[in-house]
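Count along the sequence shown from 1, add 72, and you get the number used in my numbering. Written out below as structure tokens is the structure these notes cover.
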Amino acid sequence: MNIAFRVDASSQIGTGHFMRCLTLADVLSQRGAQIRFISRHLLEHLQGLLLNKGYEFMMLENQANENVDDLAHSHWLGTSQRSDAEEAFQLLSDRIWDWLVVDHYALDARWESKLRQIVKTILVIDDIADRLHDCDILLDQNYYADMETRYTGKVPVNCQLLLGPHYALLREEFRQWRQQVRPRTGPVKRILVFFGGVDADNFTGLTIEELAGLGMSGLHIDVVIGAQHPYREQIESACSEYLLSCYVQTDRMAELMAKADLAIGAGGSATWERCCLGLPAFAISTASNQSKQVADAASCGLLYAPEINGDLKTFINRHLPALIDNSNLIKFISNNDLQAVDGRGVLRVMRGMGCSGIEMRVAGKGDSKMIFEWRNHPKIRAVSRNREVISWEDHGKWFAKVLTSPDNVLLIGYSNSEPVGVVRFDNKDDEAEVSIYLVPGLKESGVGGDLLQCAEHWFSIHYPEIRKIVACVLGDNGRSNHLFLGAGYRVESTSYIKELA
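Given below as structure tokens:
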């Protein structure tokens, strides 16, 4: 599968658009996709990052052009959409692309339509909803009070909308660290300061000075900045003076968030990274496109963001000590965060694109023999509730019942036309029990998670009335426990059995 990305990153644009595209590209690449990035503006260290990952990368000509368009962010492009589209077309014309992913406030339906000739499908990533799009999927990972109606009339009627932090594009390390965190309950002992990869207005430096002025003894403070931060030397010097830990272009962001008790930072993508790890945030809108996102997230208890009215000093001096001392509010926000974002949004987007590499189909009569053989394999029986060998006669009765019962669904997953596993759902009222196993002898690793997620996706479309899925796992089946916890399931109860002599 060939997938192209059109995204820019600069001191003016920031790095958030690029990083969320890179997160999606990494997951798609792991499933065998061939990736190419095309950009007009891209910071040098980000170019190196693409090359180190082995992704194709091509630059559009960076020539100033006064003939920009009428969009609010047209100046980000530095040229007209028509000119940009013509150049992009040339850089992508060597093949037909399965997907084109566009993440740019200065591009709209006029640009997207011109690329239709060489791309099969288009995914647009947006969060300001201020223009028309010609796309097959629109992703807006932010929470807004009106998110269900923001794109009405702005996308084609058959466009699939992926809306809200349920689809937040977070890197793998956030899912991993999430399994180790617990809701914050206070007291606050460690604070993380991070205002994005660029922070052109130096909110980081201003925050450091105000924290130093408050004399918050006993607190450990981590400060994170990007490699291209315009005030990097001053910030490093201030951190050294005030004995703060400073990290430049770190790859330990998830770890630092997981270990912190409170964050001070901007809106944008970092909002959902913090939520995934249950990290309460003292949030400041640092750009006009963040204002509504931050306000709406605060209104439903996902962060703390009183209006600053341009006075950061008063904002920090008045509100930060009060928040630090309010353990109940810290706990409230942390619990809300963990419920809102599970870190698996990028996998949901990948499934929506049909790029997981796994296709699901309903089992039929012709599948009876191979399912019989798989189910009786010693490795499958060892992790089943019924560990006895099943006779052909008993299997036949069970199989016929499952195929005809409206309350049972038996699915087989395929990758590259080869079966990889079986998933069964047994429905009762608004709840379903799921069971899953991989084809014995399967050599591919990591398939279980994709198989389960694809089956859930298929099931949610065909059985929208089911509100809960339950999995029963034997106590000694560590692999399945890990699978379901990693897929966003939670442990609700545990049974203990003792055999009496």
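Just so you know, even glycine gets a beta-carbon here, dropped at the ideal spot from N, CA and C. Note that this is a predicted model, so its numbers are computed, not measured.
Exposed or buried, what is Glu445 when buried is set at 16 or more other beta-carbons lying within 10 Å of its beta-carbon? What you label residue 445 is simply residue 373 of the sequence shown in a count that begins at 1. Glu445 comes out exposed.
For Gly513, count neighbouring Cβ atoms within 10 angstroms of its own Cβ and tell me buried if that reaches 16, exposed if not. Against the sequence shown, residue 513 aligns to sequence position 441. Result: exposed.
Thinking C-beta only, is Ser152 closer than 8 Å to Asp142? Locating residue 142 in the sequence shown gives position 70, counting from the first residue. Locating residue 152 in the sequence shown gives position 80, counting from the first residue. No.
CB-CB under 6 Å to Leu132, same chain, minus the five flanking residues each way: which ones, in chain order? Stepping through the sequence shown from its first residue, residue 132 is reached at position 60. So the list reads Arg112, Glu159, once near-sequence residues are dropped.
Can you tell me which residues form a DSSP beta bridge with Phe246? Here residue 246 refers to the residue found at position 174 of the sequence shown. For Phe246, which the question treats as bridged, DSSP gives no partner whatsoever.
I need the DSSP call for Tyr98, collapsed to helix, strand or coil. The residue labelled residue 98 in the question sits at position 26 within the sequence shown. The residue you asked about is not Tyr; residue 98 is Asp in the sequence shown. Here Asp98 sits in helix by DSSP.
Same chain, Cβ closer than 7 Å to Ala97, neighbours up to 5 away in sequence not counted: Locating residue 97 in the sequence shown gives position 25, counting from the first residue. These residues qualify, in order along the chain: Phe77, Ile107, Tyr127.
Just tell me which of Gly468, Met329, Val461, Val506 has its CA closest to the CA of Leu483. For the purposes of this step, residue 483 is identified with residue 411 of the sequence shown, where counting begins at 1. It is Val506 whose Cα lies nearest to the Cα of Leu483.
Rounded straight-line distance, which links the Cα of Ile263 to that of Ile336: For this step, residue 336 is matched to residue 264 along the sequence shown. For this step, residue 263 is matched to residue 191 along the sequence shown. Taking the straight line joining both Cα atoms gives about 7 Å.
Host beta strand (DSSP E) of Tyr486 (start-end): Mapped onto the sequence shown, residue 486 falls at position 414. Run containing Tyr486: 480 to 487, per the beta strand (DSSP E) assignment.
First and last residue of the beta strand (DSSP E) that includes Cys318? Against the sequence shown, residue 318 aligns to sequence position 246. Per DSSP, Cys318 belongs to the beta strand (DSSP E) from 317 to 320.
How many angstroms separate the CA atom of His205 from the CA atom of Ala369? Taking the sequence shown and counting its residues from 1, the one referred to as residue 205 is at position 133. Taking the sequence shown and counting its residues from 1, the one referred to as residue 369 is at position 297. So the alpha carbons of these two residues sit roughly 25 Å apart.
Separation of Ser552 from Gly429, as counted between CA atoms: Here residue 429 corresponds to residue number 357 of the sequence shown, with the count starting at 1. Here residue 552 corresponds to residue number 480 of the sequence shown, with the count starting at 1. Taking the straight line from one Cα to the other gives about 21 Å.
Would you call the CB atoms of Asp271 and Ile293 closer than 8 Å? In the sequence shown, counting from the first residue as 1, residue 271 sits at position 199. In the sequence shown, counting from the first residue as 1, residue 293 sits at position 221. No, the Cβ-Cβ distance between Asp271 and Ile293 is not below 8 Å.
Judging by CA-CA distance, which residue of His529, Leu401, Ala504 is the nearest neighbour of Gly258? Numbered from its first residue, the sequence shown carries residue 258 at position 186. Comparing Cα-Cα distances from Gly258 to each of His529, Leu401, Ala504, the minimum goes to Leu401.
For Gly340 and Phe556, I'd like the C-alpha separation in whole angstroms. One-based indexing of the sequence shown puts residue 340 at position 268. One-based indexing of the sequence shown puts residue 556 at position 484. Distance between the alpha carbons of Gly340 and Phe556 is about 29 Å.
Ends of the beta strand (DSSP E) at His292? The sequence position of residue 292 within the sequence shown is 220, counting from 1. Taken as a continuous stretch (DSSP letters only), the beta strand (DSSP E) holding His292 covers 292 to 297.
Whose C-beta lies closer than 7 Å to the C-beta of Val455 among residues of the same chain, with five residues either side of it excluded? Here residue 455 corresponds to residue number 383 of the sequence shown, with the count starting at 1. Cβ within range, chain order: Leu546, Asn549, Ser552.
What are the boundary residues of the beta strand (DSSP E) that Tyr216 is part of? On the sequence shown, position 144 is the one that residue 216 refers to. Unbroken run through Tyr216: none, as it is neither H nor E.
Taking just the CA atoms, how far does Asn448 sit from Ile200? One-based indexing of the sequence shown puts residue 200 at position 128. One-based indexing of the sequence shown puts residue 448 at position 376. Their Cα atoms are separated by approximately 54 Å.
Closer than 8 Å to chain D by CB, Trp446: The structure shown contains no chain D, having only a single protein chain.
If the criterion is Cβ atoms closer than 8 Å, does the pair His238 and Arg92 meet it? Within the sequence shown, numbered from 1, the residue matching residue 238 stands at position 166. Within the sequence shown, numbered from 1, the residue matching residue 92 stands at position 20. No; because the gap between Cβ atoms is not below 8 Å, this pair is not in contact.
Rounding to the nearest angstrom, what Cα-Cα distance links Gly521 and Gly415 in this structure? For this step, residue 521 is matched to residue 449 along the sequence shown. For this step, residue 415 is matched to residue 343 along the sequence shown. Between Gly521 and Gly415, the C-alpha separation is close to 14 Å.
Can we say the stretch 340 to 357 touches the stretch 230 to 248, given the rule of at least three CB pairs closer than 8 Å? yes
Element boundaries [beta strand (DSSP E), containing Asn458]: As a working note, residue 458 is residue 386 in the sequence shown. Premise fails: Asn458 is in no beta strand (DSSP E) and is neither H nor E.
DSSP three-state call for Ser567: helix, strand or coil? Here residue 567 corresponds to residue number 495 of the sequence shown, with the count starting at 1. Correct three-state label for Ser567: coil.
Measure the Cβ-Cβ separation of Glu282 and Leu375 and say whether it is below 8 Å. Within the sequence shown, residue 282 is the residue found at index 210, counting from 1. Within the sequence shown, residue 375 is the residue found at index 303, counting from 1. Contact flag unset, no.
CB Val295 to CB Leu278, shorter than 8 Å? In the sequence shown, residue 295 corresponds to position 223, counting from 1. In the sequence shown, residue 278 corresponds to position 206, counting from 1. Contact: no.
Whose C-beta lies closer than 7 Å to the C-beta of Met432 among residues of the same chain, with five residues either side of it excluded? Taking the first residue of the sequence shown as 1, we reach residue 432 at position 360. Cβ within range, chain order: Leu483, Gly485, Cys526, Ala527, Trp530.
Leaving out the 5 sequence neighbours to the left and right, which residues in its chain are closer than 8 Å to Asp479 when beta-carbon positions are compared? Start at 1 with the first residue of the sequence shown, and residue 479 comes out as number 407. Closer than 8 Å at Cβ, skipping near neighbours: Asp498, Asn499, Lys500.
Which of the three DSSP states is assigned to Ala359 in this structure? In the sequence shown, the residue the question calls residue 359 occupies position 287. Here Ala359 sits in coil by DSSP.
Would you check if the stretch 402 to 413 and the stretch 459 to 474 touch, i.e. whether three or more CB-CB distances between them fall below 8 Å? no
CB-CB under 6 Å to Phe275, same chain, minus the five flanking residues each way: which ones, in chain order? Residue numbering aside, residue 275 sits at position 203 when the sequence shown is read from its first letter. If we look at Phe275 and ignore the five residues flanking it on each side, its Cβ neighbours are Phe267, Thr358.
Give every residue of the same chain whose Cβ lies closer than 6 Å to the Cβ of Val495, excluding the five residues on either side of it in the sequence, and list them in chain order. As a first step, residue 495 is located in the sequence shown; it is residue number 423 there, counting from the start. Leu483, Ile508, Ala527.
Start and end of the beta strand (DSSP E) containing Ile107? As a working note, residue 107 is residue 35 in the sequence shown. 106 to 111 is the extent of the beta strand (DSSP E) around Ile107.
Would you mind reading off the limits of the alpha helix (DSSP H) that contains Phe444? Looking up residue 444 in the sequence shown gives position 372. Its alpha helix (DSSP H) spans residues 440 to 447.
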